[in-house]
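For reference, the structure is listed below as structure tokens.
Number of protein chains: 2
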Amino acid sequence: LTTQSPPAADDGAGATPARIDEVNRAAAELVCSAQPVLVDIRPARDVVPGLDDTTILTSGAPLPWDEYTGGQRTAVIGGALFEGLASDADEADARLRSGEIRVAGCHDFGCVGSLAGITTASMPVLVVEDAGRGTRGYCTLFEGRSPSRLNYGVYNHEVRTTLLYLERVVAPLLSDAVRRTGGVPLRLIIRRALHMGDELHSRNTAGSLLFSRELFPAFVALAREGRYEVDEVIEYMSSGDYFFLRASMAAAKVTMDGIAGTEGSTLVTAMALSCREFAIRVAGLGDEWFRGPLPHMEGGSLFDGFGPDDIEFMGGESPITETAGLGGFAQAAAFPLQAYQGGTAERMVELNLEMYDITVAEHTEFKIPYLGYRGVPVGIDIRRVVESGITPIMDIGIAGRGGGQIGAGAFRAPMECFTAALDAFERRTPEAAAPAASSV
Amino acid sequence: LTTQSPPAADDGAGATPARIDEVNRAAAELVCSAQPVLVDIRPARDVVPGLDDTTILTSGAPLPWDEYTGGQRTAVIGGALFEGLASDADEADARLRSGEIRVAGCHDFGCVGSLAGITTASMPVLVVEDAGRGTRGYCTLFEGRSPSRLNYGVYNHEVRTTLLYLERVVAPLLSDAVRRTGGVPLRLIIRRALHMGDELHSRNTAGSLLFSRELFPAFVALAREGRYEVDEVIEYMSSGDYFFLRASMAAAKVTMDGIAGTEGSTLVTAMALSCREFAIRVAGLGDEWFRGPLPHMEGGSLFDGFGPDDIEFMGGESPITETAGLGGFAQAAAFPLQAYQGGTAERMVELNLEMYDITVAEHTEFKIPYLGYRGVPVGIDIRRVVESGITPIMDIGIAGRGGGQIGAGAFRAPMECFTAALDAFERRTPEAAAPAASSV
Numbered sequence: 049l050t051t052q053s054p055p056a057a058d059d060g061a062g063a064t065p066a067r068i069d070e071v072n073r074a075a076a077e078l079v080c081s082a083q084p085v086l087v088d089i090r091p092a093r094d095v096v097p098g099l100d101d102t103t104i105l106t107s108g109a110p111l112p113w114d115e116y117t118g119g120q121r122t123a124v125i126g127g128a129l130f131e132g133l134a135s136d137a138d139e140a141d142a143r144l145r146s147g148e149i150r151v152a153g154c155h156d157f158g159c160v161g162s163l164a165g166i167t168t169a170s171m172p173v174l175v176v177e178d179a180g181r182g183t184r185g186y187c188t189l190f191e192g193r194s195p196s197r198l199n200y201g202v203y204n205h206e207v208r209t210t211l212l213y214l215e216r217v218v219a220p221l222l223s224d225a226v227r228r229t230g231g232v233p234l235r236l237i238i239r240r241a242l243h244m245g246d247e248l249h250s251r252n253t254a255g256s257l258l259f260s261r262e263l264f265p266a267f268v269a270l271a272r273e274g275r276y277e278v279d280e281v282i283e284y285m286s287s288g289d290y291f292f293l294r295a296s297m298a299a300a301k302v303t304m305d306g307i308a309g310t311e312g313s314t315l316v317t318a319m320a321l322s323c324r325e326f327a328i329r330v331a332g333l334g335d336e337w338f339r340g341p342l343p344h345m346e347g348g349s350l351f352d353g354f355g356p357d358d359i360e361f362m363g364g365e366s367p368i369t370e371t372a373g374l375g376g377f378a379q380a381a382a383f384p385l386q387a388y389q390g391g392t393a394e395r396m397v398e399l400n401l402e403m404y405d406i407t408v409a410e411h412t413e414f415k416i417p418y419l420g421y422r423g424v425p426v427g428i429d430i431r432r433v434v435e436s437g438i439t440p441i442m443d444i445g446i447a448g449r450g451g452g453q454i455g456a457g458a459f460r461a462p463m464e465c466f467t468a469a470l471d472a473f474e475r476r477t478p479e480a481a482a483p484a485a486s487s488v
Numbered sequence: 049l050t051t052q053s054p055p056a057a058d059d060g061a062g063a064t065p066a067r068i069d070e071v072n073r074a075a076a077e078l079v080c081s082a083q084p085v086l087v088d089i090r091p092a093r094d095v096v097p098g099l100d101d102t103t104i105l106t107s108g109a110p111l112p113w114d115e116y117t118g119g120q121r122t123a124v125i126g127g128a129l130f131e132g133l134a135s136d137a138d139e140a141d142a143r144l145r146s147g148e149i150r151v152a153g154c155h156d157f158g159c160v161g162s163l164a165g166i167t168t169a170s171m172p173v174l175v176v177e178d179a180g181r182g183t184r185g186y187c188t189l190f191e192g193r194s195p196s197r198l199n200y201g202v203y204n205h206e207v208r209t210t211l212l213y214l215e216r217v218v219a220p221l222l223s224d225a226v227r228r229t230g231g232v233p234l235r236l237i238i239r240r241a242l243h244m245g246d247e248l249h250s251r252n253t254a255g256s257l258l259f260s261r262e263l264f265p266a267f268v269a270l271a272r273e274g275r276y277e278v279d280e281v282i283e284y285m286s287s288g289d290y291f292f293l294r295a296s297m298a299a300a301k302v303t304m305d306g307i308a309g310t311e312g313s314t315l316v317t318a319m320a321l322s323c324r325e326f327a328i329r330v331a332g333l334g335d336e337w338f339r340g341p342l343p344h345m346e347g348g349s350l351f352d353g354f355g356p357d358d359i360e361f362m363g364g365e366s367p368i369t370e371t372a373g374l375g376g377f378a379q380a381a382a383f384p385l386q387a388y389q390g391g392t393a394e395r396m397v398e399l400n401l402e403m404y405d406i407t408v409a410e411h412t413e414f415k416i417p418y419l420g421y422r423g424v425p426v427g428i429d430i431r432r433v434v435e436s437g438i439t440p441i442m443d444i445g446i447a448g449r450g451g452g453q454i455g456a457g458a459f460r461a462p463m464e465c466f467t468a469a470l471d472a473f474e475r476r477t478p479e480a481a482a483p484a485a486s487s488v
């Protein structure tokens, strides 16, 4: 790790804007050189450090239990019931209130959560390791195409059955297939998927296919050994084209954690929603969350029968993909998204180009064919965000009141998080309070 | 067939330009409604009507044997040797000259050939059936990634071994897998692949993956039954990302044959190269080829170490894909092609848009995400080509002197074929000699 660490900004020279630029550039290089590999699929309790049987992880900057509302509250209670920590919702609520059951943020455990992001001890997680650094990121499995999903704020018999199925059937076979394959390098899949219409957040069609292909030989071998569940697991992985999002999220998490804690860096390392807030973390500001209001929908498309009043925020940490240069930051690679979340190709290109104004580097490996194979914009600099007035754009799945997905859209992060973070950074390193360099 | 046939142009009203437009529109609707399904992979002799053991099919408007030169000549001789029709090249040449061995054009047998397009009795072909009409198109299998391939003008021990491997190992297993799957509908794969960066001529990365996924459950079942070649066939299908081109070609062939012979139609039904000529067929002009010079390279990219003087034409019928609205006519769906055949995204869009000027319809099923899901331009009207001065653009693999692929590029069809065809059409139906309608 020592040789790969970026220079700290306060090693004598003082945190001048130029020095911060230098630290940020070195951090962005680390982001570009990350080598995320899916090494296993394991129950969270076996692999996530510190996750005990009475903890329910959920998305976003943590809130006191009483502040969780709507679908996210339902989902946390569902997680507790799924783990057998209470016999019904009222009992779960009482134990969550008393602290017998603990609610915590995914990000503090090396995890990232999709929508409500419920992660509990028995749930299988994708284990993604940075091959260079040995660090790990985790994300639960895609729940399948049913509108009833725990992470979309629903817990009922169907959801429970699906979760048990993932735990008992899908995860053990996938684990065997992944280990037999010797791990699946995700960097190459992400690179190729960007050339096949994915931006690896709201579109993962190619990523899911490429990932499945990597496991085919192992599946065939397992089938020969009498594993009859191979067929249904293949069916599960083919359904919905969203399997790979979770791998992309865990890859982005382990990548961005690689620069978390970089002294003197103004780069964003996480962006996440709870049901009430949007929040960011900054490399040079440790684990602190800088909170703001929920993001604004810039454009989107709701499924038939739903209107804007039906939208409900239930949390979401998939913007870790944008933090790493994917999703909205790579949307000019994914024009097919128009069919899913509205917009036009022209507008997607405009929005994508804007993101170069708030980042410090272009990815050396992940490229956008339409932009002449320009690298995706990477390394969101809070100084550039505040200076330009441009905040990150994120491709997000939309949940509806009462639970379930009702659409998808492009959302704009709130400026408040970035100004709050920059204030904190400048309080900490007053020399930094000068204009940021205007170009990379 | 009767109910689907377009109205003939000379049924009393005379072949006026407006009447021709009407016939062409009906023909274009037939093109859009074709339902190509891969139903089997069989030795050509078992399925290609009229193909006997002493016939060698090759690409392009047929030439007298002595006019085949270079790689295409080598390939025809290679086909004869592969079939055991002669003991060496000189003997094969003598028998080809005497007519003991017959050379014929792929298109006359329902086949289309890649590059030199050699198709002989024992070679396995993809059998693609139009589910609506029951008609069939055929194309041989991808020879794999080796630069030494029969269709790139090489015949040696390695090529022979590959061809035998396709015949003895790959084709029988694929046949079993395809039949067990109940046929693979290609229309859906082509539609999805256009949303994943393919144009289905020079880029088939997504098509090949999507196709493999369709067969995967059958492969697993066959593996359980002790078919140990499953692993190597999966490996073959994953190599090179070009497997699907042959399916795309056969699908385009059966689609365009659906309007061949449409009395009074000025739509192109085939475009093909031999080593000496480019040639087209027109729906209302039967099987006649209208010949012109070889196409002009508009832009392209040669592999390291090769220059323009190394390029050699060896034939090629893959422009059947452009004839059906794919390839160069769908290049704005395939910006990743820049990395393979040069150019810029802007130029690809310009070229793609030009093709709307020479076609009579937009495909109702095959769409281009970047163009706001506009249907691909389909139904090349020889009148529009001559009037606009714009000829079709085609994405083509480039062969080199001495054999092998040396690059890929965008080529422009020669105007001469279109003027010759229009002259013939007007001689046949003098009422047609008025300006074409200027819009669809």
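Heads up: the protein sequence lines correspond to chains A and B, in order. Per the working numbering, residue 49 is the first one in the first sequence, and the count goes up by one each step. Per the working numbering, residue 49 is the first one in the second sequence, and the count goes up by one each step. Positions of the beta carbon are idealized from the N, C-alpha and C atoms, including for glycine. Owing to the predicted nature of the structure, the values given are computational and were not obtained by experimental measurement.
Just to confirm before moving on: does the CB-CB distance between B:SER287 and B:ARG193 stay below 7 Å?
yes
- prompt: If you check the beta carbons only, do A:PHE377 and A:ALA393 fall under 7 Å apart?
  reply: no
What does the Cβ neighbour count give for B:HIS344, buried or exposed, with the cut at 16 atoms within 10 Å?
exposed
Q. So what does B:THR167 bridge to, in DSSP terms?
A. B:LEU105
Practice problem: Check the Cβ of A:VAL278 against every Cβ in chain B and list those closer than 7 Å, keeping chain order. | Solution: VAL268
Under 7 Å by beta carbon: chain B residues contacting A:SER286: ARG261
Looking at B:GLY363: is its Cβ nearer than 7 Å to the Cβ of B:VAL71?
no
Note to self: Using C-beta distances below 6 Å, list every residue in its chain close to A:GLY126, excluding the 5 sequence neighbours before and after it, in chain order.
What the structure shows: LEU198, TYR203
- Item | Reduced DSSP secondary structure (H/G/I, E/B, other) of B:GLN379 | helix
Practice problem: Check A:ILE359 in the structure and name its three-state DSSP category. | Solution: strand
**Asked** How many Å lie between B:THR188 and B:VAL226 at the Cα?
**Response** 15 Å
**Asked** Does the beta-carbon of B:ARG216 have 16 or more other beta-carbons within 10 angstroms, so that it is buried, or is it exposed?
**Response** exposed
inquiry  = Below 8 Å, how does it come out for the stretch 257 to 271 of chain B and the stretch 391 to 406 of chain B: are there three or more Cβ pairs, yes or no?
reply    = no
In three-state terms, what does DSSP make of A:ALA66? helix
List the endpoints of the continuous alpha helix (DSSP H) containing A:GLY255. 253 to 272
Using beta-carbon positions only, say whether B:LEU129 and B:THR167 come within less than 7 Å of one another.
no
With 7 Å set as the bound, which would you pick, yes or no: does the beta-carbon of B:GLY255 sit closer than that to a beta-carbon of chain A?
no
| task | Give the residues of chain B in contact with A:GLN386, contact being defined as C-beta atoms less than 8 Å apart. | result | PRO417, GLY420, TYR421
- Message: So if DSSP puts B:ARG329 in a beta bridge, which residue, or which two residues, is it bridged to?
- Response: B:ALA318
Measuring alpha carbon to alpha carbon, tell me which of B:ALA134, B:THR183, B:SER135, B:CYS465 ends up nearest B:GLY340. B:CYS465
Notebook entry, point to check: Exposed or buried, A:ARG150, counting other C-beta atoms within 10 Å across all chains shown (16 or more means buried)?
Noted result: exposed
**Prompt:** So, B:GLN389 versus B:SER436, is the Cβ gap smaller than 7 Å?
**Reply:** no
request  = May I have the straight-line CA-CA distance separating B:LEU470 from A:GLY245, to the nearest angstrom?
outcome  = 40 Å
Item checked: Sufficient close CB pairs (3 or more, under 8 Å) joining the stretch 174 to 187 of chain A to the stretch 76 to 93 of chain A -> yes
Next on the checklist: Just list the residues that DSSP pairs A:ARG90 with in beta bridges.
Outcome noted: A:VAL173
Report buried or exposed for A:SER322, applying the criterion of at least 16 other Cβ atoms within 10 angstroms of its Cβ.
buried
- prompt: In chain order, which continuous runs of the alpha helix (DSSP H) of length 4 or greater are located wholly inside the stretch 382 to 463 of chain A?
  reply: 386 to 389, 393 to 404, 430 to 436
Query raised in the report: Any heavy atom of the ligand ADP closer than 6 Å to the CB of B:PRO367?
Result: Looking for the ligand ADP in the displayed structure turns up nothing, as the structure carries no ligands at all.
- Is there contact here, the stretch 157 to 164 of chain A with the stretch 270 to 284 of chain A, by at least three beta-carbon pairs under 8 Å? no
Original post:
Can you find a C-beta in chain B that's less than 7 Å from the C-beta of A:ARG90?
Top reply: no
- prompt: Straight-line CA distance for A:THR369 to A:TRP113?
  reply: 27 Å
Please tell me whether A:ASP154 and A:GLY147 are closer than 7 Å, where the distance is taken between their beta carbons. According to the sequence provided, residue 154 of chain A is Cys. The question's Asp does not apply to it. No. Outside cutoff.
Identity of the residues DSSP links to B:LEU350 by a beta bridge: B:GLY455
Original post:
Looking at A:GLY119 and A:GLY427, is the spacing between their C-beta atoms short of 7 Å?
Top reply: no
### Residues bridged to A:THR188 (per DSSP)
A:VAL173
message = Against chain A, with Cβ distances strictly below 7 Å, would B:ALA458 count as a contact?
response = no
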